[in-house]
Every structure is written in C-alpha cells, then in structure tokens.
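Asks: Numbering (our numbering), first residue to last: 174 to 360.
1. Alpha carbon to alpha carbon, what distance is there between residue 281 and residue 287?
2. For a minimum of 4 consecutive residues, which ranges assigned as the alpha helix (DSSP H) are wholly contained in the segment 249–315?
3. DSSP three-state label for residue 196, please.
4. Return the CA-CA distance between residue 285 and residue 263, expressed in angstroms with no decimal places.
5. Quick check on DSSP: helix, strand or coil for residue 331?
6. Looking at the unbroken alpha helix (DSSP H) that takes in residue 233, where does it start and where does it end?
7. Let's test the definition: count the other Cβ atoms within 10 Å of the Cβ of residue 340 and tell me whether it reaches 16, buried, or not, exposed.
8. Give the single residue among 252, 317 and 294 whose Cα lies nearest to the Cα of residue 209.
9. Near residue 206, what residues of its chain come up, given a Cβ to Cβ distance below 8 Å and the 5 sequence neighbours on each side ignored?
10. Please state if the CB of residue 221 and the CB of residue 232 are separated by a distance shorter than 8 Å.
11. Is the CB-CB distance between residue 444 and residue 254 below 8 Å?
12. Residue 278 and residue 308: beta carbons closer than 8 Å?
13. Less than 8 Å between the C-beta atoms of residue 305 and residue 227, yes or no?
14. Count the other CB atoms, across all protein chains shown, that sit within 10 Å of the CB of residue 214; report buried if there are 16 or more and exposed otherwise.
15. Inspect the beta-carbon positions of residue 296 and residue 272 and report whether they are closer than 8 Å.
The structure is reproduced here in structure tokens:
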C-alpha cells in the first residue's frame with residue numbers, strides 16, 4: 174500500500190496526539206529538518222559509492238579506519254572507538270570482525286587491561302584509507318563546500334558548534350564530538 178503523508182494540523186496542537194501540549198514544527202522548520210535529513214542521507218550515499226568504487230570500502234569501514242588512523246599508534250580501545258563513533262559495542266564488534274577478515278584491522282587484548290581489547294589499523298588498512306582519501310575529500314568538497322558562498326563555512330561552523338553544544342547539554346550521556354576545533358576565529 175502507498176503511504177500517504179500526514180497533513181500537519183492548522184493549529185499548533187494536534188488533537189490526535191496524547192500530549193495536547195505538543196507543538197508542531199512550522200512549515201519552514203519542517204522544511205529545514207527534512208532537507209537536513211535528506212542532504213545527510215544523499216551525501217552519505219554519494220560518499221559510500223565513492224568509497225566502494227575507489228577502494229572497495231564501506232562507509233562503516235571508512236569510519237573505523239579514520240578513527241584508528243587519527244589515533245596515537247593507530248589503535249584505540251574498543252570502548253573508546255565505539256563511543257567516538259556513537260555505535261553500540263556489539264555493532265562495532267561485528268564490523269571489526271569483518272574488517273579483520275579482510276586484513277584492514279587487528280583486534281588484540283589490551284596489554285594494560287586484560288578485560289579490554291584494542292583495535293589497530295594494519296598496513297593494508299592504512300594503505301586503503303590513503304588510497305580513498307583524496308577522492309573522499311573531493312566528493313565532500315564538490316557536494317558541500319563548493320556550493321557555499323563566502324562566509325557560509327564560518328556561519329555553519331558556528332551553527333553546528335551551538336547545535337552540538339545543545340545536544341550535549343540536553344543529553345549528557347552522549348559522548349562529546351571528537352571533531353577538531355575550527356582554526357578560524359568567528360566574530
């Protein structure tokens with residue numbers, strides 16, 4: 174059956190919702206929200222295609238390799254890697270197992286804590302990410318940054334900093350972003 178889009182109420186309250194104080198997004202807010210979600214999904218689709226075509230890597234492979242390649246000695250504890258990626262440990266464990274079979278990473282017991290394990294990028298994994306990185310940067314630049322006008326990057330950087338701060342203030346259980354700080358000063 175074909176799904177139909179629910180028409181938003183003409184008042185800020187929806188009589189069908191159990192919480193009568195729920196306020197709908199304005200049409201402009203809904204447009205921004207859905208456009209944000211769609212852009213995120215489409216950009217990830219384009220990136221996933223590039224990674225697959227150029228290096229036979231999935232987006233998940235790439236995320237793991239990026240985190241490991243940026244870590245000291247190319248290794249991280251599984252718990253820290255999962256937190257950085259906002260993944261459940263079981264999901265990461267399955268992903269690491271698949272990558273280990275392909276020789277991209279290795280998992281070993283943590284030498285400082287036998288109850289934990291660490292994941293390390295292998296030479297093959299490092300070569301794989303180095304191979305796809307130029308195309309990845311080009312894909313992001315072409316589909317995001319070249320579409321922006323002067324000042325947009327600084328503006329968006331400030332907006333995302335505020336939004337991430339709000340997420341962490343309202344949801345302290347979510348680990349903070351491992352994003353590098355912006356090097357430009359916003360006024």
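Just so it is clear, CB atoms sit at the ideal spot from N, CA and C, and this is done for glycine as well.
Replies: Put simply:
1. Looking at the backbone, the Cα of residue 287 and that of residue 281 are separated by about 10 Å.
2. Within the segment 249–315, the complete alpha helix (DSSP H) runs of at least 4 residues are 251–258 and 262–274.
3. The three-state reading of DSSP puts residue 196 in strand, counting E and B together.
4. Rounded to whole angstroms, residue 285 to residue 263 spans 22 Å at the Cα level.
5. Residue 331: helix per DSSP, three-state reduction.
6. Taken as a continuous stretch (DSSP letters only), the alpha helix (DSSP H) holding residue 233 covers 232–242.
7. Exposed, because fewer than 16 other Cβ atoms sit within 10 Å of the Cβ of residue 340.
8. Nearest to residue 209 by alpha-carbon distance, out of 252, 317 and 294, is 317.
9. These residues qualify, in order along the chain: 198.
10. In contact: residue 232 and residue 221 (Cβ atoms closer than 8 Å).
11. Any question about residue 444 goes unanswered here, given that the chain covers just 174 to 360.
12. 8 Å or more divides the Cβ of residue 278 from the Cβ of residue 308.
13. It is a contact, given that the beta carbons lie within the stated cut-off.
14. Result: exposed.
15. Taking 8 Å as the Cβ cut-off, residue 296 and residue 272 do not qualify as a contacting pair.
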